[in-house]
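In terms of numbering that gives the first Met the number 0, the sequence shown has 119 at position 120, counting the first letter as 1, and numbering is strictly consecutive.
Ideal placement from N, C-alpha and C gives every residue a C-beta, glycine not left out.
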Amino acid sequence: MSVDLLVQHPIYKHLLKFSSSTDAREKILRLLQYFVRFLRFWKFRSTLSPELVALLPSLQNFFTMARKPLRVLKPLNNLKALSICISDELSDPVLRYSEAIKQFGLLLFFGLDLIQLPKMLGLLGGKGVNENLAKYKVIKNANKYAAAMWCLSIFAGITKNLRQFQMVIVRYLNEKNMNKSESEINQEGKPHSLAVNKIQRDFVKNILDMVIASNMYGNFGINDGIIGGFGVITSILGLQDLWNTSV
0 MSVDLLVQHP IYKHLLKFSS STDAREKILR LLQYFVRFLR FWKFRSTLSP
50 ELVALLPSLQ NFFTMARKPL RVLKPLNNLK ALSICISDEL SDPVLRYSEA
100 IKQFGLLLFF GLDLIQLPKM LGLLGGKGVN ENLAKYKVIK NANKYAAAMW
150 CLSIFAGITK NLRQFQMVIV RYLNEKNMNK SESEINQEGK PHSLAVNKIQ
200 RDFVKNILDM VIASNMYGNF GINDGIIGGF GVITSILGLQ DLWNTSV
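Next up, the structure:
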């Protein structure tokens, strides 16, 4: 009876739906990957055993590789979203083009990321295995090109966030100047507040991801403690978004 109550509970159903999502699993692995990267830099020598510290590099590589198969079909979603943006002629031009550039960047990012898995497994460019293919520039530098496309998509996302901020502020000021009562303004201001909170959250996530992507592309020497910490934060934000959308 108690088991029946458990499996019928709304939170259990929500958790089951959330855990069955490929995106959620990939985000959990991303969280673990960046958390291990964070631990590797700081090492927490006073609390972690030497055996665990020695194991951290292998753990990071494991989580990195485990994410790759879960992202194989992601370009299909980006291609669909890009098609919708191109077909939508009624939305704000800045929002439309920034979203289109974002999806285009992600499409190429995940496409180039597909090359990384066979390279990591030694199936592409390994000793005596497709060595000629590995000499092509696009394959040899796939990771760098992928980082560049990630930067492009994040820059487009930041542009979209700034435009959204502007639109919300202008709409709020216009309504405030329509001689409405204070109670009406407060009541109508609630949706604006929710919209601003959502945009702020996305903006922070984009800024932190831009630091990670820029360092991946340009190797600016930002330490793994910062990159790992930023990756943990953006992974948690992404998981929260997925949790909310799985209701």
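{"Query": "Closest to residue 135 by CA distance: which of 114, 78, 153 is it?", "Result": "114"}
{"Query": "Helix, strand or coil for residue 119 per DSSP?", "Result": "helix"}
{"Query": "On the three-state DSSP scale, how would you describe residue 88?", "Result": "coil"}
{"Query": "Quick one: give me the first and last residue of the alpha helix (DSSP H) that residue 230 is part of.", "Result": "223-244"}
{"Query": "Here's the rule I'm using: 16 or more other beta-carbon atoms within 10 Å means buried, otherwise exposed. How should residue 146 be labelled?", "Result": "buried"}
{"Query": "Would you give the residue range spanned by the alpha helix (DSSP H) that residue 135 belongs to?", "Result": "Neither: residue 135 is in no alpha helix (DSSP H) and is coded neither H nor E."}
{"Query": "Output needed for residue 0: all residues of its chain with C-beta closer than 8 Å, excluding positions within five of it in sequence on either side, in chain order.", "Result": "Residue placement at residue 0 is flagged as unreliable, the pLDDT there being 47, under the threshold of 50; the coordinate-derived value follows with that caveat. So the list is empty, once near-sequence residues are dropped."}
{"Query": "Determine the contact status of residue 95 and residue 227, defining contact as a CB-CB distance below 8 Å.", "Result": "no"}
{"Query": "Residue 71 lies in the alpha helix (DSSP H); which residues open and close that run?", "Result": "Per DSSP, residue 71 belongs to no alpha helix (DSSP H) and is neither H nor E."}
{"Query": "When the distance is taken between beta carbons, is residue 204 closer than 8 Å to residue 158?", "Result": "no"}
{"Query": "When DSSP labels each residue in this structure, what does residue 20 get in the three-state scheme?", "Result": "coil"}
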